[in-house]
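Single-structure report; data block below.
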Amino acid sequence: MTADPSRDPQTARRDKRIALGILGLVGATVLIGALAPMGQSAGHKAAVLAPADDPACAEWGDGCKVCRRLETGPACSLPGIACTPGKVACLRGTGEP
């Protein structure tokens, strides 16, 4: 590999430091992601089931799509193109008409 006579050695050193800095940041981010605890701990379980996991909820939705519990499994509608989903809530229980 021959040196490029038009390239300034000081610029090459600065570019190398920037590249090593970026590489260090990426490595640190990956390391933090690998070592960070995932999800909730066993002592902090949710007291209320999500509507999709609650067998007493027959129909639930987020304002964009509605899901219904069928014998073959849940079936959901498709959201509209300009819909902004909200909080998922049970819309109808299993004992309701």
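Residues in the sequence shown are numbered consecutively from 272, following my numbering. Using N, Cα and C, we set each Cβ at its ideal position, and we do this for glycine too.
- Taking C-beta atoms under 8 Å as the contact rule, P322 and C361 qualify, at a distance of about 4 Å.
- Checking the DSSP bridge columns, you'll see C335 has no partner listed.
- The residues A329, in chain order, have a CB closer than 6 Å to that of R340 in the same chain once the five nearest residues on each side in sequence are set aside.
- With a beta-carbon spacing of about 4 Å, P356 and D333 fall inside the 8 Å limit used to define contacts.
- Leaving aside the five residues that flank I293 on each side, none in its chain has a CB nearer than 7 Å to its CB.
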